[in-house]
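Undergrad: Numbering-wise (the numbering used here), the sequence shown opens with residue 41 and increments by one.
Every residue, glycine too, gets a C-beta built ideally from N, C-alpha and C.
Model, not experiment: these values are computed from the prediction.
I have a structure here, written as structure tokens, and I will follow up with some questions on it.
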Amino acid sequence: MADDWTTMVNTGVPNPARIYDYLLDGKDNFPADRDVAEQLLAIAPVARDVVEDNRAFLRRVVRLLAGEAGIRQFIDLGSGLPTQGNVHEIAQAVAPDARVVYVDNDPMVVTHSRALLAGDNTAAIRADLRDPDVLLGHAELRELIDFDQPIALLLMAILHFFVDDEDPYGIVARFRDTLPAGSYLAISHGTRDIPERSDLSPAAMAEMGAKVERLYQLTTASLVTRSRAQVERFFAGFDLLDPGVVEIQLWRPDGEGSKLPGGFYGGVGRKP
């Protein structure tokens, strides 16, 4: 059965989505995932704060797009396992008619998403960002999303799992070219830039980042952190909203942000 994820998932191999779920105190993870997550926390004790900041960034972005920007269609690429404050919950609290499609290539993620998230104006589909043409032609996506109307494309904490040889910039450009004018692109991405910290030297921070990247080589997806300039490249063809590509904690904070330095860059762009 296509929906029987138990036949398609190797629970003995750590998976980034399930590691992320564990860091958010979720229950959809296995011993191999928890082992790597604990190693990650030993290397970078702020890892749990970083993923919580990423969820807070997502909430601010979706509220802005559903509210001020008037967007009613959202595609969440690499959506990960359902957790508190999913995109449709945030968007539909602002605009009850908002439509959301969750996309992931992990069969466990999609099965859980269908069970927990499916309902009015929402869908969860299994597709791979590495093949944007197949994804964009998916019948369930096209059934819910009108490509003649503005769309918000969300790529949260996913592009850093694409190595340069997989042409992540070309993949994003393919999606950009399909989006109608007035659409938005939102990205959060792990960074290799070294933040200023009073408790760690730049050399120690660099070594911490290198250890994290090596640790993710044990999982189903390698981690590739990028600089601010490299993250900005993903927004080619978009007009960046203020304050541009910045540390996610500094992107339009609303009182729930943190003072944690570094970790992720984030930004939102509008297609003219």
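1. Quick one: residues in its chain with C-beta nearer than 6 Å to the C-beta of Gly303, no 5 flanking neighbours on either side, listed in chain order?
2. Using the Cβ count rule (16 or more neighbours within 10 Å means buried), how would you classify Ala77?
3. Check the DSSP bridge columns for Val143 and list the partner residues they point to.
4. Quick test of your reading: Gln79 and Leu255, contact by CB under 8 Å. State the CB separation rounded to the nearest angstrom.
5. In the stretch 185 to 218, which residue ranges form an unbroken alpha helix (DSSP H) of at least 4 residues, counting only runs that do not cross its ends?
6. Hey, how far is the Cα of Ile191 from the Cα of Arg139?
7. Please determine, among Leu104, Asn126 and Gly107, the residue with the shortest C-alpha to C-alpha distance to Ala163.
8. How many whole angstroms separate the CB atoms of Gly249 and Phe278, which I take to be in contact at a CB cut-off of 8 Å?
9. Our contact map puts Thr231 next to Thr265 with C-beta atoms below 8 Å; I'd like the distance itself, whole angstroms only.
10. Roughly how many whole angstroms lie between the Cα atoms of Arg74 and Asp93?
11. Quick one, are the C-beta atoms of Ile83 and Lys251 less than 8 Å apart?
12. For Pro172, I'd like the list of residues in its chain whose CB is within less than 7 Å of its CB, leaving aside the five on either flank, ordered along the chain.
13. Exposed or buried, Gln113, counting other C-beta atoms within 10 Å across all chains shown (16 or more means buried)?
14. Are Leu176 and Leu169 closer than 8 Å when you measure CB to CB?
15. Judging by CA-CA distance, which residue of Gly120, Val150 and Gly110 is the nearest neighbour of Pro136?
16. For Thr46, which residues in the same chain have their Cβ closer than 6 Å to its Cβ, ignoring the five residues on either side in sequence?
17. How many Å lie between Pro312 and Leu193 at the Cα?
18. With the cut-off set at 8 Å, would you say Val143 and Asp186 are in Cβ contact?
19. Express the C-alpha separation of Asp204 and Glu253 in angstroms, rounding to a whole number.
20. Whole-angstrom Cβ separation of Val101 and Ala226, contact assumed at under 8 Å?
21. Which partner residues does Gly230 have in the DSSP bridge list?
22. For Ile165 versus His152, is the C-beta distance shorter than 8 Å?
TA: Based on what the coordinates show:
1. Val90
2. That one is buried.
3. Leu117 and Ile165
4. 6 Å
5. 208 to 218
6. Distance between the alpha carbons of Ile191 and Arg139 is about 10 Å.
7. Asn126
8. Between Phe278 and Gly249 the Cβ distance is about 27 Å, and since that is not below 8 Å, they are no contact.
9. 6 Å
10. In this structure, the alpha-carbon of Arg74 lies about 20 Å from that of Asp93.
11. yes
12. Ile211, Arg214 and Phe215
13. Buried.
14. no
15. Gly110
16. Annotation note: pLDDT 46 at Thr46 (below 50); position unreliable, coordinate value reported separately. Cβ within range, chain order: n/a, list empty.
17. CA-to-CA, the gap between Pro312 and Leu193 works out to about 15 Å.
18. no
19. Put simply, the backbone Cα of Glu253 is about 15 Å away from that of Asp204.
20. 5 Å
21. Phe304
22. Between Ile165 and His152, the C-beta gap is not smaller than 8 Å, which leaves the two residues out of contact.
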